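First to last, the sequence lines map onto chains A and B. The opening position of the first sequence corresponds to residue 1 in full-length UniProt numbering, with each subsequent residue numbered one higher. The opening position of the second sequence corresponds to residue 1 in full-length UniProt numbering, with each subsequent residue numbered one higher. For reference, the structure is listed below as structure tokens.
Number of protein chains: 2
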Amino acid sequence: MKLTILFGGASFEHEISIVSAITLKEKLAGFDLKFVFCDSDHTFYLIEPAKMKAVTFSKGAYKKMPLLTLAQGSFVQKSMFSKIQHNNIVLNLIHGADGEDGTIAALFDFYSVKYIGPRVDACIFSYDKRYTKYLCEAIGVKYVKYEIIHKNEHCNITIPYPFIVKPASLGSSIGVSVVKDESELDYALDVAFEFDDTLIVEPFLEGVKEYNLAGYYANGTMHYSIVEEPKKEEFLDFEKKYMDFSRSEQVLQADVSEELTLRLKTNFEKVYQGLFEGALIRCDFFVFNNEVLLNEINPIPGSMANYLFEDFTASLEELASSLPHSKRPKVTYDYIHSISQAKGK
Amino acid sequence: MKLTILFGGASFEHEISIVSAITLKEKLAGFDLKFVFCDSDHTFYLIEPAKMKAVTFSKGAYKKMPLLTLAQGSFVQKSMFSKIQHNNIVLNLIHGADGEDGTIAALFDFYSVKYIGPRVDACIFSYDKRYTKYLCEAIGVKYVKYEIIHKNEHCNITIPYPFIVKPASLGSSIGVSVVKDESELDYALDVAFEFDDTLIVEPFLEGVKEYNLAGYYANGTMHYSIVEEPKKEEFLDFEKKYMDFSRSEQVLQADVSEELTLRLKTNFEKVYQGLFEGALIRCDFFVFNNEVLLNEINPIPGSMANYLFEDFTASLEELASSLPHSKRPKVTYDYIHSISQAKGK
């Protein structure tokens, strides 16, 4: 299959997007792959597959590679005498800002580029963790209760210690702290406010079980990965998570009952349906006091959660063949004509 | 003030956007205006102010005008030997799809074009009326109860007749019907499904009072228009509403108590704050059984609701001087460097 992988982005998760893309290059070795890098200035470059190494980006060597722009239906590579269209389906692999906040989705919608990834509305409900909670409330999916803190406003947290403080709109554990008591609060707030002006405070749930489940909709039905119980550490910091994005070996199914698996899938489908079509997403759930709670939605999970699928290549092909059609309304000038006629013009 | 007005779009509201733009051309006669037209193929054209007439668009004459593309910071007009940058602040005046669904906002965010209009997240919460209700529920603003119908699913409406059927994601009364009894239902559904695969059903509130209020945030505070009581008709159809988009004469303040005005403003601010900064929006409220209910949010109201403001020109200048800053994260390669060092590469 032909596929273009878009990665990078003006995002705090820029580097892990590079790691994700390099991982998928290996995982999708049988595909005819192209790589498009979006740098922090929002310039697109076509990267030779052989140059898909971290050093190409960290040392700026990518700047010598061909520039691309967006035109209707494709990325375009212009040279003095020619114009090459790169019109593969694009896998949006930009984590965080740009990729997950709706920007890239809107760009591709506007330019009619076919893509695997969350649409604009799906991005809004997953990128900002507040809005994920709004969604859960509306569709009847349970979630961890929360409070909001805004920068430069009086901070009045009523959740008892210990609690978790996180930027509302970042993934990959960036800026997240567990706050055990008051002495740790100011530092945690300072760290989180580095990344966002709005923070979420949630109770730290002692003894919570965590389960991750990925899935997508294709050919009329939902397809799910195995259920993973991620390694238990008090907290996955960014560097550990960073390494996590380079995972490519399939993990084992967690030791969970069929009944719980079904509950996780039921919740997943409620979240996904009517919103995430076109994307392969990972939902991270908590199980606490025998309740399934949605913790967060990863609409572009690290290395596409390939390690959760038995046959990731086939899954991606299936999804690519089942992307939602965007309906562009037909524009007419009926009213202008009828008004002009009425005016006798 | 220099200002570029962007209008048109691949939208069912394409024509009323043209009417809006022509109306604003007259209303903002003191401004140094440029006009950019987005046609239904998503091509941008620079329109001479003298050609800002409905017939330029309905007869296709716009196709002979200069093409524009988007580049970092501006629209760009390329000719054989030159490249002109049009980098005014842009007023997004595309009603409906493209303008109000987040597409144009994301495009401008990506290309760092300064604009007046709703940001991507604000669009998602106002374009789809379901999501407006999710928002209201979360922030404690009352709204009309509703049910959802999806295309190709069994339709099970429990709201008693008469009720209103509307496409979830269109403004300007397009596809909306009042259904008095069962005999009218199938036709109403057919009409609405022409425009959207998701419909909203709401009770028809007999004797409801309607009030419109526009406003924006600038220089640290909210600024409100007068309160208007729109003309009472059982239903504003598209053609009447179409004429409505060409309004430019200031209307009279509705006969409402100070107490009610305050309640409308309080609700408006709850909706606006933290979401609609950068936009001048109109909220349409219902008052029913002495409760204030949000009916809908118009994030790009027809002709910018200029007729509700005492000094519309000054309001627009004030808003333009107070646009939100987009923060583009600084990209570093710290982790890649540290990992490369650890590997000894």
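Glycine included, C-beta positions come from ideal geometry on N, C-alpha and C. Treat the numbers as computed from the prediction; the structure is a model and nothing was measured.
- At a cut-off of 8 Å between beta carbons, Tyr62/B makes no contact with chain A.
- DSSP lists Ala214/B and Asn298/B as the beta-bridge partner residues of Arg282/B.
- Scanning Ile226/A, Glu228/A and Met65/A for the CA closest to the CA of Lys51/A turns up Met65/A.
- Among the residues facing chain B, Ser79/A is not included, as its CB has no counterpart in that chain under 8 Å away.
- Among the residues facing chain A, Thr132/B is not included, as its CB has no counterpart in that chain under 8 Å away.
- Of all residues in the region 323 to 339 of chain A, the ones placed with a Cβ closer than 7 Å to any Cβ belonging to chain B are Arg328, Pro329, Val331, Tyr333, Tyr335, Ile336 and His337, in chain order.
- Note: Ile116/B is bridge-paired with Leu91/B in the DSSP secondary-structure output.
- Against chain B, the CB of Gly102/A has a partner CB under 8 Å away; the residue lies at that interface.
- Using a CB distance cut-off of 8 Å, Gln250/B does not count as an interface residue toward chain A.
- Val120, Asp121 and Ile124: these are the residues of the region 115 to 126 of chain A whose beta carbon lies less than 7 Å from some beta carbon of chain B, given in chain order.
- By the Cβ test, the region 109 to 117 of chain B is in contact with the region 81 to 91 of chain B, since at least three Cβ pairs between them sit closer than 8 Å.
- Ile300/B is a Cβ neighbour of Gly99/B, given a cutoff of 8 Å.
- Close CB contacts of Ala106/A within its chain, under the 8 Å cut and outside five residues either way in sequence, are with Val120 (chain order).
- In this structure, Thr23/A sits near Ser248/A, with a CB-CB distance shorter than 8 Å.
- For chain A, the residues of the region 1 to 17 of chain B that bring a beta carbon within less than 7 Å of one of its beta carbons are Ala10, Ser11, Phe12, His14 and Glu15, in chain order.
- Counting only residues of its own chain and dropping the five nearest sequence neighbours on each side, Ala192/A has a CB closer than 8 Å to the CB of Val165, Lys166, Pro167, Gly175, Val176, Ser177 and Leu199.
- Contact of Phe245/B with chain A by beta-carbon distance below 7 Å is absent, the smallest such distance being about 10 Å.
- Residues of the region 25 to 49 of chain B with a C-beta atom less than 9 Å from some C-beta of chain A are Asp39, Ser40, Asp41, His42 and Thr43, listed in chain order.
- Contact check between the region 304 to 313 of chain A and the region 206 to 225 of chain A: three or more CB pairs, one atom from each, fall below 8 Å, which counts as touching.
- The region 326 to 341 of chain A and the region 12 to 28 of chain B touch, with three or more beta-carbon pairs separated by less than 8 Å.
- Contact between His154/B and Asp197/B is absent: CB atoms are separated by about 15 Å, not below the 8 Å threshold.
- Take Tyr224/B, set aside five residues on each side of it, and the residues of its chain with a beta-carbon closer than 8 Å to its own are Leu213, Ala214, Gly215, Lys265 and Phe268, in chain order.
- In the structure shown, Asp98/B falls within a coil segment according to DSSP collapsed to helix, strand and coil.
- Three or more Cβ pairs closer than 8 Å define a contact, and the region 1 to 12 of chain B meets that threshold against the region 26 to 36 of chain B.
- When Cβ-Cβ separations below 8 Å define contact, Ser58/A makes contact with chain B.
- Chain B has no Cβ within less than 8 Å of the Cβ of Ala168/A.
- Ala106/B belongs to the set of residues whose beta carbon lies under 8 Å from a beta carbon in chain A.
- In this structure, Ile47/B places its C-beta atom within 8 Å of the C-beta atom of Tyr62/B.
- The straight-line gap separating the alpha-carbon atoms of Gly207/B and Asn289/B is approximately 9 Å.
- Just so you know, the alpha carbons of Val141/B and Ala138/A end up roughly 14 Å apart.
- The beta carbons of Asp190/A and Tyr161/A sit no closer together than 8 Å.
- Restricting attention to Ile124/A, Thr332/A and Leu294/A, the CA atom closest to the CA of Ser169/A is found in Ile124/A.
- About 29 Å separates the CB atoms of Cys38/B and Leu294/B; that is not less than 8 Å, and the two are not in contact.
- DSSP links Tyr45/B through a beta bridge to Phe37/B and Leu67/B.
- Contacts between Gln72/B and chain A, judged by CB atoms closer than 9 Å, involve Asp41, His42 and Thr43 in chain order.
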